[in-house]
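In this note's numbering, the protein residues as written are -9 to 361. Just so you know, even glycine gets a beta-carbon here, dropped at the ideal spot from N, CA and C.
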Ligand code: MTE
Ligand code: MO
């Protein structure tokens, strides 16, 4: 069993697949704290968790002109200033199960919990690339990419891999990290021990865990997960007609929000109802407003958003209190607005895609009110 060496996990996690391990925290735990506790942070593994001996760990960085660099964990910690970023990671498949209700899609049936937030600490990828000999501009004309490989490999020995554009990797503002800390602790095994990439504002798939190599290239990562997955398509495209070369790889994600409390189908007591949820957008576009409706979207109220949130890499946890009368049925809906005034689509059907990614329609939670 290639998964026999996987680490133990928290029993509260909702498991979508055991081998490889994929699990999300229950919604009500998700918004209990702004930073998700490490043991509750959603986990998305494609392969068995590699066992890494920290003393012999080396990160390979391919520099310009064929020169390459090998960094131990100690060198990564000692040679580069530690930089900290509070960032939300969201899987492209978050809320996929809602898409499957319109028409079946291929992929793990995530509910609303394939998203979590941590304070990440590590070396800036920028600093490591500069140290390896790269400059602020790509090595030559055209679009360049920074490709990452993990230490996790499939049965044929092929590792997980992904890439991001060079300009994001080298940008000081983009704050891309080679992280060795998560919420002040060393990275847990499920989240990439000892070193992972964290790309703030970008789909989780690019934040490669158990990082083994970094390479600058004129092409995107050749990995299956960069080329033939994590792309969006027209609702009419099916598995017979799909051409993965025709769509760009997902990087920044669209604006998203969901209701974590109450749960669909719940019976809530009359009196004051508290609705809770999260909202987030890609690219550092912070959420400026969350609208909540109790009547299916006919009337709306703006939820309370916490004030100072710093940079827009992290989610906003929001809340709305409203009096509700016994005997009524509520159709609770939420939708967020980011600082570019991007909004969420009202229904799933127009954004349906065969892989079930980018599922960000208004989130709807029907409940009844009891005495
Ligand atoms: N990195 C490696 N090496 N292997 C993986 O399977 N999964 C990716 C990304 N990095 C993955 C990986 C995907 S699709 C997501 S959504 C995030 O890791 C999830 O990070 P987490 O498990 O720490 O939440
Ligand atoms: Mo993902």
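{"Check": "Sequence-distant residues of the same chain with beta carbon closer than 8 Å to residue 347, five excluded per side", "Outcome": "82, 83, 86, 97, 220, 221, 222, 240"}
{"Check": "Three-state secondary structure assigned by DSSP to residue 16", "Outcome": "coil"}
{"Check": "Residue 291 Cβ short of 6 Å to the ligand MO heavy atom set", "Outcome": "no"}
{"Check": "Of the listed residues 207, 213, 158, nearest to residue 188 (C-alpha basis)", "Outcome": "158"}
{"Check": "Neighbouring residues (CB closer than 5 Å to any heavy atom of the ligand MO)", "Outcome": "34, 81, 194, 195"}
{"Check": "heavy atom of the ligand MTE below 6 Å from residue 150 C-beta", "Outcome": "yes"}
{"Check": "N-terminal and C-terminal residue of the beta strand (DSSP E) that residue 135 is part of", "Outcome": "135 to 143"}
{"Check": "Contact test: residue 199 Cβ vs the ligand MTE heavy atom, cutoff 6 Å", "Outcome": "yes"}
{"Check": "Neighbourhood of residue 37 by C-beta, 7 Å cutoff - its chain only, sequence neighbours within 5 removed", "Outcome": "10, 142, 143, 144, 150"}
{"Check": "Chain-order list of residues whose beta-carbon lies under 6 Å from that of residue 73 (same chain, five-residue window excluded)", "Outcome": "114"}
{"Check": "Given 8 Å, three or more beta-carbon pairs between the region 165 to 173 and the region 16 to 23", "Outcome": "no"}
{"Check": "Three-state class that DSSP yields for residue -8 in the structure shown", "Outcome": "coil"}
{"Check": "Inter-stretch contact at 8 Å, needing at least 3 Cβ pairs: the region 177 to 192 / the region 310 to 318", "Outcome": "no"}
{"Check": "Residue 155, DSSP secondary structure in three states", "Outcome": "strand"}
{"Check": "beta-carbon residue 140 near the ligand MTE non-hydrogen atom, thresh 6 Å", "Outcome": "yes"}
{"Check": "Chain-order list of residues whose beta-carbon lies under 7 Å from that of residue 278 (same chain, five-residue window excluded)", "Outcome": "327, 328, 329"}
{"Check": "Contact belief for residue 282 with residue 320 at Cβ below 8 Å, rounded distance in angstroms", "Outcome": "In fact, because the Cβ distance is near 11 Å, the residues do not count as touching under 8 Å."}
{"Check": "Bridge partner(s) assigned by DSSP for residue 356", "Outcome": "321"}
{"Check": "Cβ distance (whole Å) where residue 153 is taken to contact residue 181 below 8 Å", "Outcome": "At roughly 20 Å, the Cβ-Cβ gap does not stay under 8 Å, so residue 153 and residue 181 are not in contact."}
{"Check": "Option nearest residue 55 by Cα separation, candidates 216, 343, 206", "Outcome": "206"}
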